[in-house]
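Asks: Counting from 27, one number per residue, gives the positions in the sequence shown under the working numbering.
Before we start, here is the structure in question, set down as C-alpha cells.
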Amino acid sequence: MDWSKLYAPTLKESPSDADIKSAELLIRGGFIRKSASGVFSYLPLGTRVLQKVTQIVREEMNATGAQELLMPIMQPSEIWKTTGRWDDYGPEMMKFKDRNDREFTLGPTHEEMITTLVKDELRSYKQLPVNLYQINTKYRDEIRPRFGLLRGREFIMKDAYSFHTSTESLDQTYMDMYNAYSRICERMNLMYVAVEADTGAIGGSNSHEFTVFAESGESNILVCEKCGYSATQEKAECLDDRKSTDESLKELTLVSTPNVRTVDELAKFLKIEKAQIVKSMVLVGKSGYVMALIRGDLEINTSKLKSYLGDQTLRFATPEEVLEKFSSQIGYIGPVGVKEIRIIADNSVKFLKNYVVGGLKNEYHYINVNHGRDYEIKAYTDIRVVVDGDRCPKCGAPLKLKKGIEVGQVFKLGTKYSEKLSATYVDSDGNEKYYIMGCYGWGVSRTIAAVVEQFHDERGIIWPRSIAPFEVAITIVNMALPNQFETGRKIGEMLEKHGIEVLLDDRDVSAGFKFKDADLIGIPLRITCGKSLENGDIELKLRNSDKSLKIKAKDDELILNTVKTLLENYNL
C-alpha cells in the first residue's frame, strides 16, 4: 500500500475531547473518528486492526468447536419481558417503537435471542452440547460515554452461547472458552489476569473476567501476590478479624447532633472511631425500599447487594424520596424505629455492640444501639467494598489493588434463561429437561483501545505484530531522488511477495514528518531508504527500540531473512 493513496489523516495536536491516551492516539493516528458521543467510525487503518483482532478471536472460537452465526441487532421486547430483563437491565438498554407501536431494543446482549432461536430445533440430547457465537454490533445507552472505544454506546463484541445436558458438560466448555480467551490475550502480547467477577445483569452462578493491566483502566481488581487469589472489586471478598465481645449492653439514648451529617463529622463530634458508627443507606428497586447497614469505616458495594437481592434495578434513593418515606433527611437515617422496610446488614455489623446510628430525626443520632434489642436485621451478607490492604480471603495476606481494562468475561448461566423461555430438550429417557447454558463475551473493538493503553510511548502507538495495520513501513526520505524511491519500491514488492504487509511512504513531505507519522501509527518495523543508500545501505529499526541496523540494499535474501527474523523476535 502506498501511503499517498491511504486515507489516514493524522493529526499533530491532541483532540480536546480525548480523555484517555488510547482515544488520543487512535484519533491522532487516523484510526478512528468520533461520530457522536460514544459512537465512532473506523478509518482504513482502524479497520485493518479491527479485522485482525476479529480474526484472532474467530480462530480461537473455531478451534474450540464453536460455530459462527449472525443474529439480528433489533430484538422484540416480548422475549426480554418474558425473562424479566426488559425492566431489570436498566436505562442502558436502548428501546424504541416501530411504526406499528411495537417495542424493540437494540440488543445490548443476546441471551434471550439465542435461546428463542434454538429452543424449537435443538430438541434431542443427541444434538448437545452446542456452542454458537457471533461477532456483531451491540448498543448500550451509557450515562457517560467516555474513554474512546472503552465505554461507547455502539461497540463490536463477540458473544457465544453454549447449551448442555449436564453441569459437567458446561464446566468443560467453560474451561475451553477460558483457555481460548487466554490464548487471545497471549497472541496480542497482552499482560492480563483472569479474575472472579460479578455476574451483573447477565446473571448465572460463576463468572471470570479477563482484565488487561492498565493504569487508565476502569476495572479495579484485587490481587493476592502470595496465593494468587484475584477478583474484581465488585466480587472481591476479604477476611474480617472482628469477633463477638463480652461487652455489656448499654442504654439506648437519642442525642442531639446539630449540623452533623457525615461519618467523619459524627466521629469527631462524639469523639469515637468511625468503626463504632453504622451507616444506614436507603436504596429502592423493583421490590420497593431496602435499608443497607455497614460499619462506618467501610463502603457499601452495590454490585454485591444487587446480586444478593437479585435486583439489577436497585439504586440509591434520592434525598426527596428519603424525606418522603422517613420524614428525615439523609445523614440522620437509621434503623431504630423503621417498620415495613427490609434491613440488610454487612457482616461487619454482626459483632458490633453499643454503636451509633442515625436517629431517624433531623439533627439527632442514637448511641448505644444494639441489633436484636433495638431493631431487627433481616439478613447478614457480604456487601462491603474490598480495598487495597484488606486481607486475602484464601490466605490472609494483604491484597493489592490494581487497575485494568475488561476485555472478556465468561459466565455459567445454568437454567436461568431456558426456564423462563421454556427452552427444553428431550433426554435419553424421553423427559423434557431445561438446557443448561453458558455465555462468553469478548469486546472486539474494546480490545483495540486496551492494546494501545498497554503499548504506547511519548511518540505514539506500539502495535503487537499480530494486529498491526501493516508489519513494515518503508520510509523514502527524499522523493526527488529516484534511487531512494526505486529501492523502496523494489524492497516493498519483494516483501509483499513473501506475505509481509508493507506500507510505502511515498508522500512528498519532509523526512521528519514521515518519521513522526510512522512512530505515531506504530508499525513494528521501519525500513529507511535515505542518505545511507549513498553507501549502498538501508536502515532497519523496530518501533520499540532506539537502535537501528544497516544492511545492503541490493541483497534481497539478506533483507528478507533479516526482516523475518526481526518480526519473529519482535516482543513488546
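We put the CB at the ideal spot given by N, CA and C, even for glycine.
Looking only at C-alpha atoms, which of Lys-38, Met-317, Asp-532 and Thr-450 sits nearest to Thr-501?
Replies: For the purposes of this step, residue 501 is taken as the residue at position 475 of the sequence shown. Closest by alpha carbon: Asp-532.
Asks: Which residue wins for smallest C-alpha separation from Ala-244, given the options Cys-418, Ala-206 and Lys-429?
Replies: Position 218 of the sequence shown, counting from 1, holds the residue named residue 244. Reading off the sequence, residue 244 comes out as Glu, not Ala. Per the Cα distances, Lys-429.
Asks: DSSP three-state call for Thr-288: helix, strand or coil?
Replies: Within the sequence shown, residue 288 is the residue found at index 262, counting from 1. If DSSP states are grouped into helix, strand and coil, Thr-288 belongs with coil.
Asks: Might you give, ordered along the chain, the residues of its own chain that have their beta carbon closer than 8 Å to the beta carbon of Met-214, omitting 5 neighbours on each side?
Replies: Taking the sequence shown and counting its residues from 1, one reaches residue 214 at position 188. Only Val-79, Ile-82, Thr-473, Val-477, Pro-490, Ser-492 and Ile-493 meet the Cβ criterion.
Asks: Whole-angstrom Cβ separation of Tyr-451 and Leu-95, contact assumed at under 8 Å?
Replies: Mapped onto the sequence shown, residue 451 falls at position 425. Mapped onto the sequence shown, residue 95 falls at position 69. Going by Cβ atoms, the distance from Tyr-451 to Leu-95 rounds to 19 Å, so no, they are not a contact pair.
Asks: Rounded to whole angstroms, what's the CA-CA distance from Leu-158 to Met-505? Just pull it up for me.
Replies: As a first step, residue 158 is located in the sequence shown; it is residue number 132 there, counting from the start. As a first step, residue 505 is located in the sequence shown; it is residue number 479 there, counting from the start. Near 52 Å, if we compare the C-alpha coordinates of Met-505 and Leu-158.
Asks: Taking 8 Å as the cut-off, does the region 314-333 touch the region 419-433 (at least 3 CB pairs, one atom from each stretch)?
Replies: No, the region 419-433 is not in contact with the region 314-333.
Asks: Using the Cβ count rule (16 or more neighbours within 10 Å means buried), how would you classify Gly-64?
Replies: One-based indexing of the sequence shown puts residue 64 at position 38. With 16 or more Cβ atoms within 10 Å of its Cβ, Gly-64 is classed as buried.
Asks: If we count the other Cβ atoms within 10 Å of its Cβ and call it buried at 16 or more, is Gln-93 buried or exposed?
Replies: Taking the first residue of the sequence shown as position 1, residue 93 is located at position 67. Exposed: under 16 other Cβ atoms inside 10 Å.
Asks: Between Lys-312 and Asp-113, how many whole angstroms is the CB-CB distance? I'm expecting something under 8 Å.
Replies: Translated into positions along the sequence shown, residue 312 becomes position 286. Translated into positions along the sequence shown, residue 113 becomes position 87. About 7 Å separates the two Cβ atoms, so the contact holds.
Asks: Report yes if the C-beta distance between Met-317 and Ile-367 is below 9 Å; otherwise report no.
Replies: Working through the sequence shown from its first residue, we reach residue 317 at position 291. Working through the sequence shown from its first residue, we reach residue 367 at position 341. A contact, by the Cβ cut-off of 9 Å.
Asks: In the DSSP assignment, what residue or residues form a beta bridge with Arg-417?
Replies: What you label residue 417 is simply residue 391 of the sequence shown in a count that begins at 1. Paired residues: Leu-265 and Pro-424.
Asks: Mind checking Ile-553: buried by the 16 CB within 10 Å criterion, or exposed?
Replies: Within the sequence shown, the letter at position 527 stands for residue 553. The residue in question, Ile-553, is buried, as its Cβ has 16 or more Cβ neighbours within 10 Å.
Asks: How is Pro-495 classed by DSSP in three states: helix, strand or coil?
Replies: Residue numbering aside, residue 495 sits at position 469 when the sequence shown is read from its first letter. Coil at Pro-495, not helix or strand.
Asks: Counting only runs of 4+ residues fully inside the region 130-162, write out the alpha helix (DSSP H) ranges in chain order.
Replies: Qualifying alpha helix (DSSP H) stretches, in chain order: 137-144.
Asks: Have a look at the DSSP bridge pairing and note the partners of Trp-468.
Replies: Locating residue 468 in the sequence shown gives position 442, counting from the first residue. Lys-184 and Gly-434, per the DSSP bridge assignment.
Asks: If contacts are defined as beta-carbon pairs under 8 Å, then Ile-370 and Leu-331 qualify, I think. What distance do you get, rounded to the angstrom?
Replies: In the sequence shown, counting from the first residue as 1, residue 370 sits at position 344. In the sequence shown, counting from the first residue as 1, residue 331 sits at position 305. That belief holds up - the Cβ atoms of Ile-370 and Leu-331 are roughly 7 Å apart, short of 8 Å.
Asks: Kindly indicate which residue of Arg-59, Lys-47, Phe-437 and Ala-44 has the alpha-carbon position closest to the one of Tyr-33.
Replies: Position 7 of the sequence shown holds residue 33. Answer by Cα proximity: Arg-59.
Asks: Hey, out of Lys-252, Met-87 and Glu-291, whose CA is closest to Asp-185's CA?
Replies: Stepping through the sequence shown from its first residue, residue 185 is reached at position 159. Looking at the Cα atoms, Met-87 is the closest of the given residues.
Asks: To which residues does DSSP link Thr-279 through a beta bridge?
Replies: Within the sequence shown, residue 279 is the residue found at index 253, counting from 1. Bridge partners of Thr-279: Ile-393.
Asks: May I ask which residues mark the beginning and end of the beta strand (DSSP E) holding Thr-191?
Replies: Walking along the sequence shown from the start, residue 191 turns up at place 165. Segment: none, Thr-191 is in no beta strand (DSSP E) and carries neither H nor E.
Asks: Opposite Asp-563 in the DSSP bridges: which residues?
Replies: Within the sequence shown, residue 563 is the residue found at index 537, counting from 1. DSSP output for Asp-563 lists Lys-578 as bridge partner(s).
Asks: Could you check the C-alpha separation between Val-395 and Val-219 for me, to the nearest Å?
Replies: Within the sequence shown, the letter at position 369 stands for residue 395. Within the sequence shown, the letter at position 193 stands for residue 219. Those two C-alpha atoms are separated by around 43 Å.
Asks: Judging by CA-CA distance, which residue of Ser-454, Leu-265, Glu-260 and Leu-593 is the nearest neighbour of Cys-418?
Replies: As a position in the sequence shown, residue 418 is number 392, starting the count at 1. The residue with the shortest Cα to Cα distance from Cys-418 is Leu-265.
Asks: Alpha carbon to alpha carbon, what distance is there between Asp-28 and Leu-566?
Replies: Reading the sequence shown from its first residue, position 540 is the one you call residue 566. Reading the sequence shown from its first residue, position 2 is the one you call residue 28. Taking the straight line joining both Cα atoms gives about 19 Å.
Asks: Should Lys-269 and Tyr-461 be called a contact, given that it needs their Cβ atoms to be closer than 9 Å?
Replies: Locating residue 269 in the sequence shown gives position 243, where the first residue counts as 1. Locating residue 461 in the sequence shown gives position 435, where the first residue counts as 1. No.
Asks: Measuring alpha carbon to alpha carbon, tell me which residue in Glu-519, Thr-237 and Tyr-204 is nearest Gln-480.
Replies: Numbered from its first residue, the sequence shown carries residue 480 at position 454. Nearest option by C-alpha distance: Thr-237.
Asks: One question on the structure: do Met-463 and Thr-258 come within less than 9 Å of each other, judged by their Cβ atoms?
Replies: As a working mapping, residue 463 is identified with position 437 in the sequence shown. As a working mapping, residue 258 is identified with position 232 in the sequence shown. In this structure, Thr-258 does not lie closer than 9 Å to Met-463 by Cβ.
Asks: In three-state terms, what does DSSP make of Arg-552?
Replies: Taking the sequence shown and counting its residues from 1, the one referred to as residue 552 is at position 526. If DSSP states are grouped into helix, strand and coil, Arg-552 belongs with the strands.
Asks: What distance in whole Å lies between the Cβ atoms of Arg-179 and Tyr-165, which are believed to be in contact at a cut-off of 8 Å?
Replies: Along the sequence shown, one-based indexing puts residue 165 at 139. Along the sequence shown, one-based indexing puts residue 179 at 153. Right, their Cβ atoms sit about 6 Å apart.
Asks: Assign Ala-475 to buried or exposed, taking buried as 16 or more other Cβ atoms, counted over all protein chains shown, within 10 Å of its Cβ.
Replies: Translated into positions along the sequence shown, residue 475 becomes position 449. Burial call: buried.
Asks: Mark Val-498 as exposed unless 16 or more other C-beta atoms lie within 10 angstroms of its C-beta, in which case mark it buried.
Replies: Here residue 498 refers to the residue found at position 472 when the sequence shown is read from its first residue. Buried.
Asks: Does the Cβ of Gly-384 have 16 or more other Cβ atoms within 10 Å, making it buried, or fewer, making it exposed?
Replies: Within the sequence shown, numbered from 1, the residue matching residue 384 stands at position 358. Counting Cβ neighbours within 10 Å, Gly-384 comes out buried, since at least 16 surround it.
Asks: To the nearest angstrom, report how far apart Asn-162 and Gln-355 are at their CA atoms.
Replies: On the sequence shown, position 136 is the one that residue 162 refers to. On the sequence shown, position 329 is the one that residue 355 refers to. Taking the straight line from one Cα to the other gives about 47 Å.
Asks: Note down the Cα distance separating Gly-556 from Arg-515, rounded to an integer number of angstroms.
Replies: For the purposes of this step, residue 556 is identified with residue 530 of the sequence shown, where counting begins at 1. For the purposes of this step, residue 515 is identified with residue 489 of the sequence shown, where counting begins at 1. Rounded to whole angstroms, Gly-556 to Arg-515 spans 13 Å at the Cα level.
Asks: Assuming Ala-537 and Val-503 form a contact by the criterion Cβ under 8 Å, report the distance between their Cβ atoms to the nearest whole angstrom.
Replies: The sequence position of residue 537 within the sequence shown is 511, counting from 1. The sequence position of residue 503 within the sequence shown is 477, counting from 1. Indeed, because the Cβ distance is near 4 Å, the residues count as touching under 8 Å.
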